[in-house]
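28 is the number of the first residue of the sequence shown in my numbering; add one for each residue after it. Glycine included, every Cβ here is placed at the ideal spot set by N, Cα and C. All of these numbers come straight from a predicted model, not from anything done at the bench.
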Amino acid sequence: MKSDSPRRLRILLLGVTFGALATLAARQIVTHLAPEPAPKVAASQDDTPPAKVWPPAELRADPNWQLLRYDAEGWSTQYVGTYKNLGEYLGPPPAGVTQLAIPILPTVYQPDIQDKLYYDAIAQGEIAEGDKVLVIGAGSGADSWAVSLKTRAKVYAVDINPLAVMNAQVTARLGGFEIEAVVGDFQEIELPDTFRDFDYVLWNMPFVEAGATAENFQDRNFYDGDDGTVATRFLKRLPSLLKPDGRAIALNYALAKRYLTTPGTETRVASGDDPADPLTYMLFVIPNPATAAAAD
């Protein structure tokens, strides 16, 4: 019988050869598929963090700053521009002048020189030191600032626009007075218990416009117009806000006389304006409607 040792040796050698070839092939495949190592990046020689830019871009984009001013001629206002234009208004004002530069946030009503009748009434009227005053339609806080100059006391405010409430709070911080402001529609909101027994309630109102309907104003800002509904609801809410002898001071078109009908209401217009013109700016000084009704 022939020995099979040579045959086994050949099989063993063949297996070793195939194994070596398989290992070599596997290494080549892995080397081919493996990603090349990322090149080493030299460490930066300057590890200083980039300087922060102030104010940030959001505030530099389009901030409107407005100057509020009282002098011998009464109240006035003017557009300042961006924060870069504030320089000359940051120092002490001239003798006999009280002024404050404030930002006007997006969607917030910007004080206008046509509002002079209203602001002069605050400064020159009977609002006295210590009086408790509510401003409806906080807006930019311009009228809250004017009130604070007379009362030297906390001012209360409400506005349907959250940005307006924020704006009024910023103005209070810049003007150095205290404000308690809440967000909500005065026609519906349940006000805090502190919002009671006011000596005065002030409002630079949404102006009544001829031919207006609620549908006309659905897509417009709250201050852009009134079909008479807002003015009527204002009178209904006043007894819950005013002291029995308290009064409201409101600015509107003369056209609003058809809605602001509380007995004893006083009206005035600026010198030279025609009170018979329905679009004349008219100031309304309104007694507490509940007290007026009881006395009528």
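- Taking isoleucine 276 as reference, the option from Ile131, Leu144, Ile129 with the minimal CA-CA separation is Leu144.
- Per DSSP, isoleucine 140 is not a residue of any beta strand (DSSP E), being assigned neither H nor E.
- With distances taken between CA atoms, lysine 270 lies nearest to Phe225 out of Gly101, Tyr146, Phe225, Ala283.
- Cβ-Cβ distances below 6 angstroms link leucine 287 to Ala258, Phe311 in the same chain, with the five nearest sequence neighbours on each side left out; the list follows chain order.
- Glutamate 205 and serine 103 have their C-alpha atoms spaced approximately 23 angstroms apart.
- A contact is defined here as three or more CB-CB pairs under 8 angstroms, and the region 167-182 meets this definition with respect to the region 112-130.
- A straight line joining the alpha-carbon of proline 189 with that of alanine 99 spans about 35 angstroms.
- For aspartate 142, same chain residues with a beta-carbon under 7 angstroms away, outside a window of 5 residues either side, are Asn231, Leu278 in chain order.
- Annotation for serine 175: the continuous alpha helix (DSSP H) segment containing it runs 169-178.
- Within the same chain, Glu156 come within 6 angstroms of arginine 179 by CB-CB distance, once the 5 residues on both sides are set aside.
- Assigned with DSSP and collapsed to three states, isoleucine 187 falls in coil, not helix or strand.
- Ranked by how close their Cα comes to the Cα of lysine 111, the residues Ala208, Thr221, Gln93 have Gln93 in first place.
- Distances from the CA of tyrosine 116 to each of Val107, Ala165, Asp186 were compared; the closest alpha carbon is that of Val107.
- Taking the Cβ atoms as the reference, valine 228 lies roughly 5 angstroms from leucine 161, within the contact range of under 8 angstroms.
- Spanning the alpha carbons of leucine 95 and threonine 294 requires a straight line of approximately 25 angstroms.
- Taking glycine 273 as reference, the option from Ala283, Arg223, Gly202, Pro133 with the minimal CA-CA separation is Arg223.
- Collapsing the DSSP output to three states places serine 103 in a strand.
- For alanine 322, DSSP records no beta bridge to any residue.
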